[in-house]
Structures are given as C-alpha cells and as structure tokens.
Amino acid sequence: MTMKFLLPIILFAQILFAQQTSNNLEGSFKNKSKNSIYTTLNFDGRGKVNINDMQEYDFFERNDSVIAFVDNVPFIFKKKNNQLVGQGEWINNEVFKSSSKTLMYNQDNDMKLAQRAKWLERHYELNYKIGLNLFALAEGEDDLNQKIENLLIENTKLCNEGFDLGCIQQFSQEIMADMGGISLALQGQGNSSFVPNKKYEELGNKVIQLGNPEGYGLLSSYFYMINESEKAKEINDKGLEEGCVMCLELAMNDLLRQIEQEDIE
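Residue numbers for the sequence shown, in mature numbering (1 follows the signal peptide of the UniProt record, and there is no 0): -18 to -1, 1 to 247.
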C-alpha cells in the first residue's frame, strides 16, 4: 500500500553551468506542424511559459537553448532566428514560429527572476542530466550510494536557499532513503512500513509557503503513507482547489482503488 503513494512522489520528483542564464524571453510562438499536441507557446518574460493556452510551466534560457519543465519533463528548444526548434522526445524537430520578426525579451532587471533562472539551471543539471543517469554513471553499488547521497546534499542546499523544486526533490529523495534506497524503492521492494517523521510535514509546508501548491500533494502522500487517510484527503482536496497537479493524480489513483475494491466485493 505504501508504495502506491510513493510512486507519484518519485515520478514527480524526476526535468554544466552556462555562461549566460536567463528567463526573460517573451512573446507568442505557433507550431508550424498541424499534427502536434503542442500548438502554442506563450512566454511571459518572467520565467513562465503557457502551453496550448492551458497551463504554465517554468523555463530558463542559456546560450541558444530554452529549457521548459513540462509536467516535470524538460522540453529543449534551440533558438533559430525568430523560431524555436524542438529537440528530443515529444517535440523533436517541431518548429514554433514567433509572431514577431525577432525574439523579444523583457528588459526589466528583476533579481528574483534572475535567481530563479540560476536555480532552475542547477535543478536541471542535478536532477535530469545527472539524476536520471545515476545507474549508468555509477561504478558499483558503493559509488551509486555516494552519488545518491551527493544528489540529496545538493538538493537540500537548493531547498535551504529557498528554491521550491529543490525542496520537492529533497522530500522525495529523503523518503526513498527511508524506504530502503532508490533502487529498492523503484523496484517496489522497499521497507513495507514507513515511520512518521515531522521533517516531511515541514518540507511539504515549506513548498507551500514558497508559493508552490505541489506541497499539498507531498503532504497528502505522506499522510496516506502513515495511514492518516482522512487528513490526507482533506489536504488533497485543498491542493486540488489550489491547482496541485500531484493532488489530481492522487485523487485519480484513489478513485481507481475504490473501483477495484468494489469489483472485488
């Protein structure tokens, strides 16, 4: 049962420092392909991109690349004149053309936005370029464990600096460690029991205080894991009101479990 609530956390937590990092690209871009599920990109010049006029995501730029974290998957675009060319899965070679003749940028000098761009770059390097390749990079089990420990240390630093996504990563990696380690957790062979720990409540609340509603999903998962279902549902319902994506996934999983239980009965 515990592993069912751990999986959304693991999935949620899984998107070299450049000379120039920013997040002030602005303007509308339309996909030249008529067959893609991604039709429009609207950059607000303040670190957010709205895709398909539906949902906003974080992004940052470095050199000739724009990297957006779409449902926790990094979408990479290469700048080419007034166009963005998709790289990799889902958007490979898809061309998004700007409504302007050249790429436009917000000229405001906002230090908080600049700091977030730097945090996002570190987040990308740690948890995507390195984190998703830990097993391939490690030379044996001891080296893997050391790399996992180093990853947790760096994400904890990001969290302590006030970066919400760093706190989410710290939360998920701490839980995986308490469940017996990432390799066992991902295989569903971790510890069957989970010991309550206030640090998870503190981390979930910190994510909320930093303005990210996904903290509700973290808290809800935690309370489900320690068998406080009523409190977990109450928190999850609040998260749904605040736009928590993880909360929606948890609610859907709960509904599926109820349907399965009814079928058994």
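Note that the Cβ used here is the ideal one computed from N, Cα and C, for glycine as well.
How should Glu43 be labelled, buried or exposed, when 16 other C-beta atoms within 10 angstroms of its C-beta is the threshold for buried? buried
ask   = By how many angstroms is the C-alpha of Asn132 removed from the C-alpha of Thr138?
value = 10 Å
Problem - Close-in-space but distant-in-sequence residues of the same chain around Cys229 (CB under 7 Å, 5 per side omitted) - result: Tyr198, Gly199, Ser202, Asn218, Gly221 and Leu222
Are the Cβ atoms of Leu108 and Glu136 separated by less than 8 Å? yes
* If you run the structure through DSSP and keep just helix, strand and coil, what is Gln2? -> coil
- prompt: Just checking, does the segment 116 to 128 make contact with the segment 18 to 34 on the three C-beta pairs under 8 Å criterion?
  reply: no
Do you know how far the Cα of Tyr206 is from the Cα of Ala214? 6 Å
- Query: Exposed or buried, Asn115, counting other C-beta atoms within 10 Å across all chains shown (16 or more means buried)?
  - Reply: exposed
**Report entry** Helix, strand or coil at Leu85 according to DSSP, with G and I counted as helix
**Finding:** coil
Q) Less than 8 Å separating the beta-carbons of Phe176 and Ile208? A) yes
Selection from Asn127, Leu126, Lys129 and Asn187 that minimises the alpha carbon distance to Phe153
Asn187
- Task: Specify the secondary structure class of Asp26 as computed by DSSP and reduced to three states.
- Result: strand
### Message
Within the continuous alpha helix (DSSP H) that includes Asp125, where are the two ends?
### Response
Glu123 to Glu143
task: Measure the C-alpha to C-alpha separation of Asp46 and Leu140 and round it to an integer number of angstroms.
output: 25 Å
Hey, could you find the ends of the beta strand (DSSP E) Ala50 is sitting in?
Ser47 to Val52
- prompt: So Lys60 is in the beta strand (DSSP E); what residue range does that whole segment cover?
  reply: Val55 to Lys62
Buried or exposed for Ser80, please, with buried defined as at least 16 other CB atoms from any protein chain shown within 10 angstroms of its CB.
buried
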